[in-house]
Amino acid sequence: MRIRSLHVAGFGRFADFRRGPFERPVTVFHGANEAGKSTLLAFIRRVLFGFPDGRSRSNPYPPLAGGRHGGSITLVSDAGDAVILERYQGSGGGPVALTSVAGEPIAAAVLPRLLGGHSRHIFESVFAFTLDELHDEDLLRDDSVNSQLYSAGMGAAQLPHARRTLDAQKRELFLKGGSKHALHSAAKKLGDVDAKLGDVRDNAARYGERSTRLRDVESELARLNADRKAQRGRLARANQLENAWDDWNAFNSASAELDELPALKDFPADGAKRLDALEKALMAARKERDEARDETRRATTLAEAGIEHDSLLTREDEIRALERRRTEFDNAVADLPKLQADLAQGDSRLAATLKNLGSDWDADHLEAFDLSLAVREDIAGHQESLRESNANVSRQESDLKQERAALTEAKETVAEAEHRLNSAEQPAFNEQEITQRRTLLREARDTLAEKNATLRRVSDLQRLLKTVAGGPTPAGAKRGGWLPTVIGLAGIAAAGAGMVYGIELVLVGVALVGYAAYRFFPGKAVADPGASAQAYELGDLLRKATTDAAKLESSLLEVAATLDVEAIDEAALRAAETSVDEAQARVQEIERRAEVCEREQASAQRRAKSVQRAEEAVASARVERDRARNAWSDWLRARKLRETLLPETVGELRSDVDLGRQLLGKQRDLQDRIKAIQTSIDQYVALAEDLASDVAVAVDRNDYGSVAAVADKMVELHREVVLQAEKRRGAADNLKQAEARLERREKDFAEAERNIAALLKAGGAEDAEVFRLQAEQQEKRGRLDDQRRNALGRLQSLSGAGEPLKSLMAELKGTDIEDIHGAWRNCKNRAMPPSERSSNCPPSAARFAPSWIA
113 MRIRSLHVAG FGRFADFRRG PFERPVTVFH GANEAGKSTL LAFIRRVLFG
163 FPDGRSRSNP YPPLAGGRHG GSITLVSDAG DAVILERYQG SGGGPVALTS
213 VAGEPIAAAV LPRLLGGHSR HIFESVFAFT LDELHDEDLL RDDSVNSQLY
263 SAGMGAAQLP HARRTLDAQK RELFLKGGSK HALHSAAKKL GDVDAKLGDV
313 RDNAARYGER STRLRDVESE LARLNADRKA QRGRLARANQ LENAWDDWNA
363 FNSASAELDE LPALKDFPAD GAKRLDALEK ALMAARKERD EARDETRRAT
413 TLAEAGIEHD SLLTREDEIR ALERRRTEFD NAVADLPKLQ ADLAQGDSRL
463 AATLKNLGSD WDADHLEAFD LSLAVREDIA GHQESLRESN ANVSRQESDL
513 KQERAALTEA KETVAEAEHR LNSAEQPAFN EQEITQRRTL LREARDTLAE
563 KNATLRRVSD LQRLLKTVAG GPTPAGAKRG GWLPTVIGLA GIAAAGAGMV
613 YGIELVLVGV ALVGYAAYRF FPGKAVADPG ASAQAYELGD LLRKATTDAA
663 KLESSLLEVA ATLDVEAIDE AALRAAETSV DEAQARVQEI ERRAEVCERE
713 QASAQRRAKS VQRAEEAVAS ARVERDRARN AWSDWLRARK LRETLLPETV
763 GELRSDVDLG RQLLGKQRDL QDRIKAIQTS IDQYVALAED LASDVAVAVD
813 RNDYGSVAAV ADKMVELHRE VVLQAEKRRG AADNLKQAEA RLERREKDFA
863 EAERNIAALL KAGGAEDAEV FRLQAEQQEK RGRLDDQRRN ALGRLQSLSG
913 AGEPLKSLMA ELKGTDIEDI HGAWRNCKNR AMPPSERSSN CPPSAARFAP
963 SWIA
């Protein structure tokens, strides 16, 4: 399993934070302190294994920047399948949601398999650990963690499982003090076999006499088997007769009924069904023939009907033109009054515009007035130049005001930054001291870990020494002397120092005292010199480990003196690291404030230069504005216009001239359009009047509404005439089809009558009732014949074909069921043991005879 991408919805300082996809085998997140690396690691842990509850003392990492507390991780399995794991803060570690990249939901039970079956503790100790886990002295004491690390180093991913399997197999083979393991079970079976072998030896003496008795019993058994075989044959015959009795009766009954029924030679098979089907076909043919006759009469009536105003059929083009131009006519009639009103209103607006231009202005004067493009561009150029120069002066004055305000604010910011720099808290150590202390702390932590490992080795060696030696020393070994005395005194001193510097030193002292006592008191030789030699070697190892522990403790005491602490332990190291981190943070804070102060001072200097540039820009903009005003005055004087006239005023005069010219053009366009509309209306009226004369309909040329109504009526009349003509043509086609169908229906009806007559003739019947009676007799003969054939087949399956069947039928014919039952009971009693014989067994029990009879 690997992580492809992250999405932090809300966690610590992150909100809507996305990273990925991670395509390379290794992805490194790097950044300064407090950049969020530990926060991302905690996010991954909690999305994979759940959020802590409210009782936990761990950092909850609330979403400081907003967003829902949690997020999602895209995981890729070893098979290459991508799964999106989503979890947010909630009860029970937070609800889990698994989906594929396509959005399909996946069962939450898949998550442990994706995580390789590892627990949170294994994941945080081996795969996603922090400095806190590395500093934990109990990390490598955890068997599960050791197994995972060893498995990774050896390339054996299933080593923990292999260890568990070996332990289980060991417990199955042998468990001290147990009674259900494999070795105990094998020993018990071996004892049972020995007992049985004893029984076999005891039975050997009785084997001879039992062999003689066995031969006598076998001779008697052969005679009984021959008798039982004969009885079994007679019993089988009785069972066969009983089983065949019902079929024999069925065969005789069917034969008797067949003899009573008359035989019908060559009677049609399924005659009744065929007759019913033919009668239904005859009824359907009669109904279809009658329907075809009615349809033919209706088609004849429609095909011979007349059409009113059929003369319109020859004027379809004029009707289509009348219909096509109807919308144009309606629009023209509706637009004409409005256009005429617009023409009158336009005349009024044109007269008002000419009046505004002056009393001497008319249409000819308006068209002749010079408004060349050069003149208009010249006016527009002066207008744009004046507007831009005024806007530029306003803009530069506004910029100058903003720059002066920014300069004042920058000076205040510089003063504030200098005050914060001067008031910063000074660190306890400088940079060099911080580096030295960090080096000492790393070395102390390594030494402390080595000391703890050495102490554990001392404890292990003591246990081994006690187990191997068992008390006495090897033969010829000397005890006492000056060395045990020195070691004992060193142990007492170490134990006393441990009361001040820590429990580890106390353990070292106790170990030294114990070893000294072991070496000092005399003992006697033991019987196992090999074990005593091993104990002696373990004692040397114990002395060396004790010496190493004392050296490491001495080194730690020197470091403790350098760091100004009483003793070196995990708490002291963490406290010292905290003080160094605080000093480092204060040094960085002072450097940061100094950088801010320098940056703000540089910014204030830039603001002062910007104010100077803004003042120069204001002066330059004012000069440009005066130059534009003088150019406009020169342009007015050159054209002998008053100098108080502005470009906007000249633009209004030009606008009035342009408006007048536009109004004059619109009026002329309206006059042409009104004339064209009137011509279109007159043409439509003439067309409607011409068509209406064919059907004697009057048209009022001056009433456009009447003209439209007549046009609609002509279109509707033409549509009705065309529809009637189409109906008449369709009726003629339908008449031909109806006549053809009637002819086919007459033939079908005659064919159905002939089929019924042929069927009755084949059955030798005069009418349908007689035919059905004969069909019933024929069906009954068929059923009886099947019954007799089936009974005969079952009898043959019981006895066999040929002579056995004839013999069985002859025997059944000469007996009855009571005789069969009596014979069966007699045979059954003789076949059973004498103690179990009975004369009251029911005949049906023959089918359930006990297995020993066979």
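Those letters in the sequence shown? Residues 113 to 966, per my numbering, in order.
The beta carbon of each residue, even a glycine, is placed where N, CA and C say it ideally should be.
Less than 6 Å between C-beta atoms, sequence neighbours within five positions excluded: which residues of the same chain meet that for T525?
As a first step, residue 525 must be located in the sequence shown, where it is residue number 413. Excluding positions up to five away in sequence, the list reads E712.
Can you grab the Cα-Cα spacing for the pair T242 / A657, in whole Å?
Locating residue 242 in the sequence shown gives position 130, where the first residue counts as 1. Locating residue 657 in the sequence shown gives position 545, where the first residue counts as 1. Spanning the two alpha carbons is a distance of roughly 31 Å.
Assign S212 to one of two classes, buried (16 or more other C-beta atoms within 10 Å of its C-beta) or exposed (fewer than that).
Here residue 212 is taken as the residue at index 100 of the sequence shown, counted from 1. With fewer than 16 other Cβ atoms within 10 Å, it is exposed.
Once DSSP output is grouped into helix, strand and coil, what is the label at L278?
Taking the sequence shown and counting its residues from 1, one reaches residue 278 at position 166. DSSP places L278 in helix when its eight states are reduced to three.
So, P133 versus S150, is the Cβ gap smaller than 8 Å?
Along the sequence shown, one-based indexing puts residue 133 at 21. Along the sequence shown, one-based indexing puts residue 150 at 38. No, Cβ-Cβ distance for P133 and S150 is not below 8 Å.
DSSP state of L242, grouped into three classes?
Translated into positions along the sequence shown, residue 242 becomes position 130. Before going further, note that residue 242 is Thr rather than Leu in the sequence given. The answer is coil: DSSP assigns T242 none of H, G, I, E or B.
To test your reading of the DSSP string, which unbroken alpha helix (DSSP H) runs of 4 or more residues are found completely within the region 337-405?
As far as the region 337-405 is concerned, it has no whole alpha helix (DSSP H) run of at least 4 residues.
Going by alpha carbons, who is nearest to A404 out of F861, G894, R853?
Start at 1 with the first residue of the sequence shown, and residue 404 comes out as number 292. If we check each option's Cα against that of A404, R853 comes out closest.
Rounded to whole angstroms, what's the CA-CA distance from R131 to N171? Just pull it up for me.
Numbered from its first residue, the sequence shown carries residue 131 at position 19. Numbered from its first residue, the sequence shown carries residue 171 at position 59. If you take the alpha carbons of R131 and N171, they lie about 23 Å apart.
Can you have a look at Q508 and say buried or exposed, based on whether 16 or more other CB atoms are within 10 angstroms of its CB?
Taking the sequence shown and counting its residues from 1, the one referred to as residue 508 is at position 396. With 16 or more other Cβ atoms within 10 Å, it is buried.
Give the secondary structure of A810 by DSSP, where H, G and I count as helix, E and B as strand, and everything else as coil.
Counting from 1 along the sequence shown, the entry for residue 810 is found at position 698. Looking at A810 - three-state DSSP - the assignment turns out to be coil, as it is neither helix nor strand.
Can you find the residues in the same chain that come closer than 7 Å, C-beta to C-beta, to L533, ignoring five residues on each side of it along the sequence?
Within the sequence shown, residue 533 is the residue found at index 421, counting from 1. Closer than 7 Å at the Cβ level, and outside the excluded window around L533, lie R705, A706, C709.
Pick helix, strand or coil for Y319, following the three-state DSSP scheme.
On the sequence shown, residue 319 is found 207 positions in, with the first residue counted as 1. Helix, per DSSP.
Might you give, ordered along the chain, the residues of its own chain that have their beta carbon closer than 8 Å to the beta carbon of A903, omitting 5 neighbours on each side?
Here residue 903 corresponds to residue number 791 of the sequence shown, with the count starting at 1. Within the same chain, A903 has close Cβ partners D359, W360, A362, F363, A366.
What residues are listed by DSSP as bridge partners for F76?
Here the chain covers residues 113 to 966 and nothing more, so residue 76 does not appear.
Our contact map puts L560 next to R719 with C-beta atoms below 8 Å; I'd like the distance itself, whole angstroms only.
Numbered from its first residue, the sequence shown carries residue 560 at position 448. Numbered from its first residue, the sequence shown carries residue 719 at position 607. Incorrect: roughly 57 Å between the Cβ atoms, too far for contact.
Use the C-beta contact count for F883: other C-beta atoms within 10 angstroms, 16 or more gives buried, fewer gives exposed.
The sequence position of residue 883 within the sequence shown is 771, counting from 1. Under this definition F883 is a buried residue.
Please confirm whether A726 and L512 have their CB atoms less than 8 Å apart.
On the sequence shown, residue 726 is found 614 positions in, with the first residue counted as 1. On the sequence shown, residue 512 is found 400 positions in, with the first residue counted as 1. Yes.
Take R125 and list the residues in its own chain whose beta-carbon comes closer than 7 Å to its own, dropping the five residues that flank it on each side.
Counted from its first residue, the sequence shown places residue 125 at position 13. So the qualifying residues of the chain are G148, T151, L176, A177.
According to the Cβ coordinates, are L370 and L920 closer than 8 Å?
As a position in the sequence shown, residue 370 is number 258, starting the count at 1. As a position in the sequence shown, residue 920 is number 808, starting the count at 1. No, the pair does not count as a contact, with Cβ atoms beyond the cut-off.
Residues in its own chain within less than 7 Å of R785 by CB, not counting five upstream and five downstream?
As a working mapping, residue 785 is identified with position 673 in the sequence shown. If we look at R785 and ignore the five residues flanking it on each side, its Cβ neighbours are L451.
Using only the alpha-carbon positions, how far apart do E135 and Q514 sit?
Indexing the sequence shown from 1 puts residue 135 at position 23. Indexing the sequence shown from 1 puts residue 514 at position 402. When rounded, the distance between both Cα atoms is 51 Å.
Assuming F155 contacts V120 under a Cβ cut-off of 8 Å, what Cβ separation, rounded to an integer in Å, is found between them?
Locating residue 155 in the sequence shown gives position 43, counting from the first residue. Locating residue 120 in the sequence shown gives position 8, counting from the first residue. Indeed they touch by this definition, with Cβ atoms about 6 Å apart.
Do the CB positions of L650 and V580 come within less than 8 Å of each other?
Locating residue 650 in the sequence shown gives position 538, counting from the first residue. Locating residue 580 in the sequence shown gives position 468, counting from the first residue. Against a cut-off of 8 Å, the Cβ pair of V580 and L650 comes out as a contact.
Taking the alpha-carbon positions, what's the S203 to D165 distance?
By 1-based counting over the sequence shown, the position of residue 203 is 91. By 1-based counting over the sequence shown, the position of residue 165 is 53. Rounded to the nearest angstrom, the two C-alpha atoms are 7 Å apart.
State whether the region 305-322 contacts the region 859-876, with contact taken as three or more CB pairs (one from each stretch) at a distance under 8 Å.
Cβ pair count under 8 Å is below three, so no.
Consult DSSP for R884 and reduce its assignment to one of helix, strand or coil.
Translated into positions along the sequence shown, residue 884 becomes position 772. Helix, per DSSP.
Which of the three DSSP states, helix, strand or coil, is assigned to E198?
Taking the sequence shown and counting its residues from 1, one reaches residue 198 at position 86. Of the three classes helix, strand and coil, the one that applies to E198 here is strand, per DSSP.
Going by the beta-carbon positions, is the gap between K563 and L664 smaller than 8 Å?
Working through the sequence shown from its first residue, we reach residue 563 at position 451. Working through the sequence shown from its first residue, we reach residue 664 at position 552. Yes, Cβ-Cβ distance for K563 and L664 is below 8 Å.
So, T566 versus D676, is the Cβ gap smaller than 8 Å?
In the sequence shown, the residue the question calls residue 566 occupies position 454. In the sequence shown, the residue the question calls residue 676 occupies position 564. No, the pair does not count as a contact, with Cβ atoms beyond the cut-off.
Taking DSSP as the reference, what is the three-state secondary structure of V188?
Position 76 of the sequence shown holds residue 188. Strand, per DSSP.
Would you call the region 490-506 in contact with the region 731-748, where contact means no fewer than 3 C-beta pairs closer than 8 Å?
Yes: at least three Cβ pairs fall under 8 Å.
Helix, strand or coil: which one does DSSP assign to G592?
As a first step, residue 592 is located in the sequence shown; it is residue number 480 there, counting from the start. The predicted model places G592 with a pLDDT of 47, which falls under 50 and marks its position as unreliable; any figure quoted below should be read in that light. Coil at G592, not helix or strand.
Which value, in whole angstroms, describes the spacing of the CA atoms of N504 and R780?
The sequence position of residue 504 within the sequence shown is 392, counting from 1. The sequence position of residue 780 within the sequence shown is 668, counting from 1. Those two C-alpha atoms are separated by around 47 Å.
May I ask you to report which of helix, strand or coil DSSP gives A486?
As a working note, residue 486 is residue 374 in the sequence shown. A486: helix per DSSP, three-state reduction.
Grouping DSSP H, G and I as helix and E and B as strand, with all else coil, what is T139?
Start at 1 with the first residue of the sequence shown, and residue 139 comes out as number 27. Reduced to three states, the DSSP call for T139 is coil.
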